[in-house]
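Quick note: the sequence shown uses the numbering used here, first residue -17, plus one each step.
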Amino acid sequence: MRILILSKRDLTATVLLNDLLARLAPLPDCRLRVVLAERTRPVELDVPELARMKHFERDLPFGMLFPKLDGAPGHAGELMTPAQLSAHHGVDLSVARGLDDPAFVAAVEEFVPDLIVSARFSFLIPRHLFDVARHGVVNVHPGSLPDYAGLYPHFFSMLAGEESLGCSLHHIDAGIDSGPLIAEGAVPIRPGRSAFAHNLDSHLLGNRLINELVENLIGGRAVPSVPQGQSKVKSNTYPTPAEFDAFRAAGLSLIKVQEYRELLGRFGISEDLPGVSDDV
-17 MRILILSKRD LTATVLLNDL LARLAPLPDC RLRVVLAERT RPVELDVPEL ARMKHFERDL
43 PFGMLFPKLD GAPGHAGELM TPAQLSAHHG VDLSVARGLD DPAFVAAVEE FVPDLIVSAR
103 FSFLIPRHLF DVARHGVVNV HPGSLPDYAG LYPHFFSMLA GEESLGCSLH HIDAGIDSGP
163 LIAEGAVPIR PGRSAFAHNL DSHLLGNRLI NELVENLIGG RAVPSVPQGQ SKVKSNTYPT
223 PAEFDAFRAA GLSLIKVQEY RELLGRFGIS EDLPGVSDDV
């Protein structure tokens, strides 16, 4: 089975890919290809909290830390950079800055996937791709559906005082996070942990749901899905400044420096980090 994984060029996606590729690569007759989206929305430059998250997720790892690791022999930690993952698993990995990017077009037209998996991909999948893969296009959404559709479901779940953060594997349709549900799960929201950490927890749960789906497809077993109900909550966009203020007022944090340093330590990174001193 040929599986095209569409993800993102950021730290969270790198961690989830470490886990997902290790799960899928050993499966029988399973061939993988990865495309990472590179996209910065204007709001990520204008809103201070989003700009800080961009620094933690993308600027620091990919602008400074990962290139050093890629230039060294072997790999220093238990987690690998995207380039190291590509070499380790023998997987073609490319970066796309749009849906018309040759890297994305080649991944679809040349690889001819049987299944397309979207996990943190930054672009809406165009309709003409829905029927390209015989098993369709599925998305991992790190939140409960339909109530927490859209961006930042981990943030809005925590802001609402939820006790757990959902994870939903669903077919992609013409809407946003609105396709039929294949599988669901949840991870506990623990006091003192950041939105960043809980988001990663949900994505790692999503990897298990993807693995189960792929094993069922390889085994020729039926994969039922159910339509989503009607949501009582709006489909969320990025948080507003007022919502960020409310998040902080509730004693919640977007990312904690200690969590971040511990995660980078799993890559073998122990150096001083510029611009990393305070929780966000």
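Every residue, glycine too, gets a C-beta built ideally from N, C-alpha and C. Small disclaimer: the values here were computed from a predicted structure and weren't measured.
The beta carbon of F137 sits closer than 6 Å to the beta carbons of A177 and P221 from its chain, once the five residues preceding and following it are set aside; these are given in chain order.
Uninterrupted alpha helix (DSSP H) stretches at least 4 residues long and entirely within the region 162 to 242 occur at 177 to 200 and 223 to 231, given in chain order.
The Cβ atoms of V17 and L75 sit closer than 9 Å to each other. Closest in alpha carbon position to A19, among G148, K36 and F103, is F103. Cβ-Cβ distances below 6 Å link F86 to V17 and A78 in the same chain, with the five nearest sequence neighbours on each side left out; the list follows chain order.
Residues of the same chain with a CB within less than 6 Å of the CB of R116, apart from the 5 flanking positions on each side, are D96 in chain order.
Assigned with DSSP and collapsed to three states, R116 falls in coil, not helix or strand. As the crow flies, the alpha-carbon of I171 is around 18 Å from that of A231. Exposure of M46 is indicated by the presence of fewer than 16 other C-beta atoms within 10 angstroms of its C-beta. Exclusion of the five residues before and after A179 leaves E241 as the residues of its chain whose Cβ lies within less than 7 Å of its Cβ. When only Cα atoms are considered, D52 and Q66 end up about 7 Å apart. The Cβ neighbour count for Q212, taken over all protein chains shown within 10 Å, is under 16; the residue is labelled exposed. Residue pairing by DSSP puts C149 in a beta bridge opposite G167. By the criterion of a C-beta distance shorter than 8 Å, I192 is surrounded in its chain by L2, R5, L6, V99, A101, V120, V122 and L151, once the five residues flanking it on both sides are discounted. Secondary structure of L111 (DSSP, three-state): helix.
For S126, no pairing in a beta bridge is given by DSSP. Pairing S139 with L147, the inter-Cα distance amounts to about 6 Å. Non-local beta-carbon contacts of E60 in its own chain, meaning distances under 6 Å to residues more than five positions away in sequence, involve R248 in chain order.
Cβ neighbours of V205 within its own chain (closer than 7 Å, five residues either side excluded): I164, L195, N198 and L199. Here R(-9) is near F44, since their CB atoms are less than 9 Å apart.
Going by DSSP, A85 is part of no beta strand (DSSP E) but of the alpha helix (DSSP H) stretching over P84 to E91.
Across the structure, L81 and V(-3) are spaced so that their CA atoms are roughly 24 Å apart. Of the candidates S252, P223 and G118, the residue whose Cα lies closest to the Cα of F48 is S252.
For the pair L14 and L111, the Cα-to-Cα distance works out to about 18 Å.
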